[in-house]
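Student: Residue numbers (full-length UniProt numbering): 1 to 857. Heads up, the beta-carbon is just placed ideally off N, CA and C, and yes, glycines get one too.
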Ligand SMILES: Nc1ncnc2c1ncn2[C@@H]1O[C@H](COP(=O)(O)OP(=O)(O)OP(=O)(O)O)[C@@H](O)[C@H]1O
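(1) Report all residues from its chain with a CB closer than 6 Å to the CB of residue 783; omit the five preceding and five following residues, and keep chain order.
(2) My output table needs one value for residue 780: the three-state DSSP class, helix, strand or coil.
(3) Nearest by alpha-carbon distance to residue 733: which of 631, 743, 382, 558 is it?
(4) Less than 9 Å between the beta carbons of residue 730 and residue 564, yes or no?
(5) Determine the DSSP secondary structure at residue 506, reduced to helix, strand or coil.
(6) Spell out the partners DSSP gives residue 721 in its beta bridges.
(7) Over what stretch of residues does the alpha helix (DSSP H) that includes residue 632 continue unbroken?
(8) Tell me which residues share the same chain as residue 415 and place their Cβ nearer than 7 Å to its Cβ, disregarding the 5 neighbours each side in the sequence.
(9) With distances taken Cα to Cα, identify the nearest neighbour of residue 337 among 412, 508, 395, 725.
(10) On the three-state DSSP scale, how would you describe residue 372?
(11) Taking residue 402 as part of the alpha helix (DSSP H), name the residues at either end of that continuous run.
(12) For residue 768, count the other beta carbons within 10 Å of its own beta carbon; 16 or more makes it buried, fewer makes it exposed. Which is it?
(13) Considering only C-alpha positions, which residue in the set 578, 789, 376, 561 is nearest to residue 614?
(14) In chain order, what residues of the same chain have a beta carbon less than 6 Å from the beta carbon of residue 333, not counting five sequence neighbours either side?
(15) Just reading off the beta strand (DSSP E) that residue 558 is part of, what are its end residues?
(16) I'd like the span of the beta strand (DSSP E) that includes residue 438, first residue to last.
(17) Using the rule of at least 16 other Cβ atoms within 10 Å of the residue's Cβ for burial, across every protein chain shown, is residue 786 buried or exposed?
(18) From residue 235 to residue 743, what does the alpha carbon distance come to, in whole angstroms?
(19) What did DSSP end up calling residue 642 once you bin it into helix, strand or coil?
(20) Indicate the three-state DSSP secondary structure (helix, strand or coil) for residue 473 in the structure shown.
(21) Which residues in the same chain have their Cβ closer than 6 Å to the Cβ of residue 606, if we skip the five residues on either side of it in sequence?
(22) Alpha carbon to alpha carbon, how far is residue 388 from residue 796? Give it in angstroms, no decimals.
(23) So what's residue 529 in DSSP terms, helix, strand or just coil?
(24) Can you tell which of 710, 645, 497 has the C-alpha that lies nearest to the C-alpha of residue 724?
(25) Contact defined as beta carbons within less than 8 Å: I believe residue 364 pairs with residue 433. What is the distance between those atoms, to the nearest angstrom?
(26) Check this for me: beta carbons of residue 448 and residue 476, under 9 Å apart or not?
(27) According to DSSP, simplified to helix, strand and coil, what is residue 547?
(28) Quick check on the DSSP output: the alpha helix (DSSP H) that includes residue 418 runs from which residue to which?
(29) Residue 348 by DSSP, collapsed to three states: which one?
(30) Taking the alpha carbon of residue 690 as the reference point, which residue from 625, 765, 738, 612 has its own alpha carbon closest?
(31) For my contact list, residue 479 and residue 758 are in at a C-beta cut-off of 8 Å; report their separation, rounded to the angstrom.
(32) What is the C-beta distance between residue 590 and residue 721, in whole angstroms, given that I count them as a contact (C-beta under 8 Å)?
(33) Ligand 1 and residue 475: does the residue's C-beta get closer than 8 Å to at least one heavy atom of that ligand?
(34) Helix, strand or coil for residue 331 per DSSP?
(35) Can you tell which of 443, 687, 597, 560 has its C-alpha closest to the C-alpha of residue 775?
(36) Applying the criterion that 16 or more other CB atoms from any shown protein chain within 10 Å of the CB defines a buried residue, is residue 460 buried or exposed?
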């Protein structure tokens, strides 16, 4: 078929040496609905942009319409014949684009123009009395093959859509059926105690006693279809199946109930372990038990709302809990608009806006909607973020993990080779249709270009990212990409990537602030965001140095700019816990000459000390829901064998077995001791049992055993390796790790702020001034990156230009920035308050100037 297609295309090319059509095809593969990719000036580009200036599309449409005209003038087309149709006279290049529309219009024309349209040429092939070859329509064999652009995509090769059985040819009615004699079969040796089953459930062979074996009482066989009765049995009636109640989706799509969304995350129940007493277990039974318990522990232990956390560590859980949204969140108009562009119109969208404007909430709503869309094919949606913690917040993985590029330092060709060696990563690239990227401000521009190029190569599709729909969010006024330590090059933002503009159809600015209800506080933060902070705001922030009261019992989360400060604070908190300390030292291997240096900046610490009740963070992706950034509490310590035998769900172990039946506890202890001694000959190591709290409301318990981190050369050769628990202490967080969080009680020390956007990110985590303590605030520490300011200026200019254009031109906006500064949500009633408080002079500018300031002027 492929060679016929090539021949056909070749023939068409020769008959119509139309270079313009080839150029048209090329343009179709590199669509330019976005602004000029080189200068990044959206406003300039928009002036040049014409919505329907697609050379190829126009040529195809003209060809199709001329074709339709010529055939509709008193010469009705032949009806559809099988899968083929008579070729139109226009060239092949045009047919690429118009094949679908021309076919459908022809089908309609033929149905309208002929009275016997439905009679001609049935699609069903008569297998019993096939017509001789000579009687068949010769046009079929001569018909050319039409190829759509997607036919060559790897992606489509993998599209295993189920074909409805009704499309198959009907069975001939005279198919011989065997006489129903099965019920008359008499069994010469009926097995005693066996109840006869009806013929439709059991074959005759089931009634005979097995040869050379004495008959023994047996339980009735489950209905089983044997090969011998296949001919005589009619197809079983399909059972009516209903989805479990928990799978039902909310009726109203426009309202997103976050709680409902969270509780919809249903997991398959773990298989029940075999009913074998522990002390009776054979080696293979123990193995089986281990396997089952391991599987069990990998799954969320509950799907209901999370239980109150053990009294041992209430603070730890409360302190970092993302503010629970117990009420339904209805998306604002601007959020709904973005969702519709993504989910209904399949557009590639970048939506941005100040902290707290609901970017993550909107992203979750989009993910929920897209998951519904790809319910039967979940791999089509990939959810990623620039950092592990951000990925955890939206239930995804890091962009690096998704792409399978490791650190991604190599050039594109090497990275492609690396991905091709990794079947999982390669499959992700091929299967994904929509790629979500959260917290894009930390995605490096070079990485963005590399991934775009990798997508094109691996998917064999010339469009940016190989044609994957991108849904990107983030605020470039927040944290920039982490600079490349080796090259010492200046940081490059994702919006500075060469492929940024061509990858995105729409840029939308969200303006309604939800996190901070207090308009004064919201505007103090907005000034910080832009790096244009008034003296009054400086004074207000300095007043927040007072300590926070602790009367509500909520623990304060501490944020620091540097890792050392974070470590010092966590050590202090650990020391305050009374329990026994457990120290875990890393096992390092590799070339001693380079090992120390290579492992110095590794997330996994050289040594970590833990206690029961300690708040920890996972630093490695375990699976879809336990990811780098998941927060949890240490519930106790136990050996692997105890964990596997007792199960993780109850959370017992050394220091946590109080709920266990004493007799059972003794037996388990004895048995696990026996196992431990038989395997190692000495007391087994006890590892921390951690209950992790996922943002989707589930709680999962995991015995955290050492994991490996490797530093590899591009050849795959391991230079250094560290084996350590995948945990760090997490009472205090670095500001980088806190990006994306909403914290009700937060203490920020800005003394060592070193990065642009860092102070803004830290303070904008707070929901109110009452819940925020700020230490060492200085005006000069509040910095906005000049290139980010410039980028948002351009977006604003493009928006202004757009508004000045005639309505017809603005039907497909590139940007959708509203001409106003970011404000607290009107629905909280705060907007009125904001308007009435004339004494609060936030930004001393006219309305338009204020709007410009909001976007960087
Ligand atoms: N449509 C909405 N209605 C009510 N509350 C909302 C809405 N959208 C978001 N919120 C609330 O606003 C707060 C901030 O939301 P979110 O974290 O999504 O903001 P963000 O723009 O992602 O912030 P950041 O840039 O700091 O990560 C959350 O507490 C969220 O529940």
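Tutor: In short:
(1) In the chain shown, the residue the question calls residue 783 occupies position 783. Correct list, in chain order: 531, 756.
(2) If you number the chain shown from 1, residue 780 lands on position 780. In the structure shown, residue 780 sits in a helix (DSSP, three-state: H, G or I).
(3) Translated into the one-based positions of the chain shown, residue 733 becomes position 733. Cα-wise, what sits closest to residue 733 is 558.
(4) Counted from its first residue, the chain shown places residue 730 at position 730. Counted from its first residue, the chain shown places residue 564 at position 564. Their beta carbons are not under 9 Å apart, which means residue 730 does not touch residue 564 by this criterion.
(5) Your numbering for residue 506 matches position 506 in the chain shown. Of the three classes helix, strand and coil, the one that applies to residue 506 here is strand, per DSSP.
(6) By one-based count along the chain shown, residue 721 stands at place 721. When beta bridges are read from the DSSP output, residue 721 appears opposite 589, 710.
(7) Mapped onto the chain shown, residue 632 falls at position 632. No alpha helix (DSSP H) holds residue 632; the beta strand (DSSP E) holding it covers 631 to 638.
(8) Working through the chain shown from its first residue, we reach residue 415 at position 415. When the five nearest sequence neighbours on each side are left out, the beta carbons in the same chain lying within less than 7 Å of the beta carbon of residue 415 are those of 405, 408, 450, 454, in order along the chain.
(9) Sequence index remark: in the chain shown, residue 337 carries index 337 (1-based). Comparing Cα positions, the closest option is 508.
(10) Mapped onto the chain shown, residue 372 falls at position 372. Three-state DSSP puts residue 372 in a helix.
(11) Translated into positions along the chain shown, residue 402 becomes position 402. 399 to 403 is the extent of the alpha helix (DSSP H) around residue 402.
(12) Start at 1 with the first residue of the chain shown, and residue 768 comes out as number 768. In summary, residue 768 is exposed, with fewer than 16 beta-carbon neighbours lying within 10 Å of its beta-carbon over all protein chains present.
(13) Walking along the chain shown from the start, residue 614 turns up at place 614. Minimum Cα distance to residue 614 is reached at 578.
(14) Position 333 of the chain shown, counted from the first residue, corresponds to residue 333. Closer than 6 Å at the Cβ level, and outside the excluded window around residue 333, lies no residue.
(15) Within the chain shown, numbered from 1, the residue matching residue 558 stands at position 558. Where residue 558 is concerned, the enclosing beta strand (DSSP E) stretches over 557 to 560.
(16) Stepping through the chain shown from its first residue, residue 438 is reached at position 438. Element bounds for residue 438: 434 to 438.
(17) Start at 1 with the first residue of the chain shown, and residue 786 comes out as number 786. Exposed, because fewer than 16 other Cβ atoms sit within 10 Å of the Cβ of residue 786.
(18) Locating residue 235 in the chain shown gives position 235, counting from the first residue. Locating residue 743 in the chain shown gives position 743, counting from the first residue. With a pLDDT of 47 at residue 235, under the threshold of 50, the modelled position of this residue cannot be trusted; read the value that follows with caution. Whole-angstrom Cα-Cα distance: 60 Å.
(19) Start at 1 with the first residue of the chain shown, and residue 642 comes out as number 642. Helix.
(20) The sequence position of residue 473 within the chain shown is 473, counting from 1. Residue 473 sits in a strand when the DSSP states are folded into three classes.
(21) The residue labelled residue 606 in the question sits at position 606 within the chain shown. The answer, listed in chain order, is 586.
(22) In the chain shown, residue 796 corresponds to position 796, counting from 1. In the chain shown, residue 388 corresponds to position 388, counting from 1. Taking the straight line from one Cα to the other gives about 31 Å.
(23) Here residue 529 is taken as the residue at index 529 of the chain shown, counted from 1. DSSP places residue 529 in the helix class (H, G or I) of the three-state scheme.
(24) Numbered from 1 along the chain shown, position 724 holds the residue referred to as residue 724. Closest in C-alpha terms to residue 724, from the list 710, 645, 497, comes 710.
(25) Your numbering for residue 364 matches position 364 in the chain shown. Your numbering for residue 433 matches position 433 in the chain shown. Residue 364 to residue 433, Cβ: 19 Å. No contact.
(26) In the chain shown, residue 448 corresponds to position 448, counting from 1. In the chain shown, residue 476 corresponds to position 476, counting from 1. No, they are not a contact pair.
(27) Here the question's residue 547 lines up with position 547 in the chain shown. It is coil, neither helix nor strand.
(28) For the purposes of this step, residue 418 is taken as residue 418 along the chain shown, with counting starting at 1. Unbroken alpha helix (DSSP H) run through residue 418: 412 to 421.
(29) Taking the first residue of the chain shown as position 1, residue 348 is located at position 348. Residue state, collapsed to three classes: coil.
(30) The residue labelled residue 690 in the question sits at position 690 within the chain shown. When each option's Cα is compared against that of residue 690, the closest is 612.
(31) Residue mapping note: residue 479 aligns to position 479 of the chain shown, counting from 1. Residue mapping note: residue 758 aligns to position 758 of the chain shown, counting from 1. Going by Cβ atoms, the distance from residue 479 to residue 758 rounds to 7 Å, so yes, they are a contact pair.
(32) Here residue 590 refers to the residue found at position 590 when the chain shown is read from its first residue. Here residue 721 refers to the residue found at position 721 when the chain shown is read from its first residue. Indeed they touch by this definition, with Cβ atoms about 5 Å apart.
(33) In the chain shown, the residue the question calls residue 475 occupies position 475. Yes, the beta carbon of residue 475 sits closer than 8 Å to at least one heavy atom of ligand 1.
(34) Locating residue 331 in the chain shown gives position 331, counting from the first residue. The answer is coil: DSSP assigns residue 331 none of H, G, I, E or B.
(35) Within the chain shown, the letter at position 775 stands for residue 775. The shortest Cα separation from residue 775 among 443, 687, 597, 560 belongs to 560.
(36) Mapped onto the chain shown, residue 460 falls at position 460. By the beta-carbon neighbour count (other beta carbons within 10 angstroms, threshold 16), residue 460 is exposed.
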